[in-house]
Amino acid sequence: MSDSPVDFTTTPVRPGRQAAISDRWRRAGLIGLAGSVLVTAVVGVCAVWPPRGSWASVNTATAGPVTATTEDGRHTIADPAHAANKATKSDVRGAIAAVEHYYTVIGHYPTRAINGDNSRGIMPQLDLGGSTPAIQLAVGTRLSYAPYARSYRICATNTRGTGKWFLYNSASGGSIKAIRRPANPAVCA
Numbered sequence: 000m001s002d003s004p005v006d007f008t009t010t011p012v013r014p015g016r017q018a019a020i021s022d023r024w025r026r027a028g029l030i031g032l033a034g035s036v037l038v039t040a041v042v043g044v045c046a047v048w049p050p051r052g053s054w055a056s057v058n059t060a061t062a063g064p065v066t067a068t069t070e071d072g073r074h075t076i077a078d079p080a081h082a083a084n085k086a087t088k089s090d091v092r093g094a095i096a097a098v099e100h101y102y103t104v105i106g107h108y109p110t111r112a113i114n115g116d117n118s119r120g121i122m123p124q125l126d127l128g129g130s131t132p133a134i135q136l137a138v139g140t141r142l143s144y145a146p147y148a149r150s151y152r153i154c155a156t157n158t159r160g161t162g163k164w165f166l167y168n169s170a171s172g173g174s175i176k177a178i179r180r181p182a183n184p185a186v187c188a
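Residues 0 to 188, numbered by numbering that gives the first Met the number 0, are exactly what the sequence shown covers, in order.
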């Protein structure tokens, strides 16, 4: 037996199978090529970021999130307080969807105020009642649903965030607004 490698593109197999085997090997070669192009692209991005003339710090501590910030404060990849704020806004959007789903199924908005505090991470959801999905809460989120005559308000904050409160008022619609702490968070007013 010879010590030379087997060339699958020319080694006879059953008739009709030779092309399939050679295509498979060609595809594997292309996948390997695509993988090396991806690695090259990632290395290329790392080589050009941050912009010239500025410095970058990268924090890869195992206990916290990975962060990278340039000298001028831009390009922040992850900041725990801002991430908590984004999680809170996401919880408000989820609450809006749950309340609107409740309206679709039941025919009216929930009539009782609902308050949830997941600052300790032990109450991850608020139940609206009926057969509607519960409102999911991120760790640290305090959320209130307050019914009004023909509308509702949802306000929330995150104990791990920057202290901002976020409000959605269905009477005015639109986007979720950052507000100062409401005088009475239970009714979002």
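Yeah, the Cβ is synthetic: ideal placement off N, Cα and C, and Gly gets one too.
What you are looking at is a predicted structure, and each value in this text was computed from that prediction instead of being measured.
Residue i - DSSP class collapsed to helix/strand/coil
{"i": "Thr140", "result": "strand"}
{"i": "Thr209", "result": "One cannot answer for residue 209 here, as it falls past the ends of the chain, which runs 0 to 188."}
{"i": "Asp116", "result": "strand"}
{"i": "Ala94", "result": "helix"}
{"i": "Thr156", "result": "strand"}
Environment of residue i [buried if 16+ CB atoms lie within 10 Å]
{"i": "Lys88", "result": "buried"}
{"i": "Ser143", "result": "buried"}
{"i": "Ala148", "result": "exposed"}
{"i": "Arg111", "result": "exposed"}
{"i": "Asn168", "result": "buried"}
{"i": "Gly106", "result": "exposed"}
{"i": "Ala96", "result": "exposed"}
{"i": "Ala94", "result": "buried"}
{"i": "Asn183", "result": "exposed"}
{"i": "Gly160", "result": "buried"}
Proximity below 8 Å, CB of residue i to CB of residue j
{"i": "Gly173", "j": "Ala83", "result": "no"}
{"i": "Gly129", "j": "Tyr101", "result": "yes"}
{"i": "Gly162", "j": "Leu136", "result": "no"}
{"i": "Ala155", "j": "Val186", "result": "no"}
{"i": "Phe165", "j": "Val98", "result": "no"}
{"i": "Asn157", "j": "Ala77", "result": "no"}
{"i": "Ser118", "j": "Arg152", "result": "no"}
Sheet register partners of residue i (DSSP bridge)
{"i": "Pro146", "result": "Tyr151"}
{"i": "Ile178", "result": "Trp164"}
Between the segment 120-129 and the segment 175-182, do three or more beta carbon pairs fall short of 8 Å?
no
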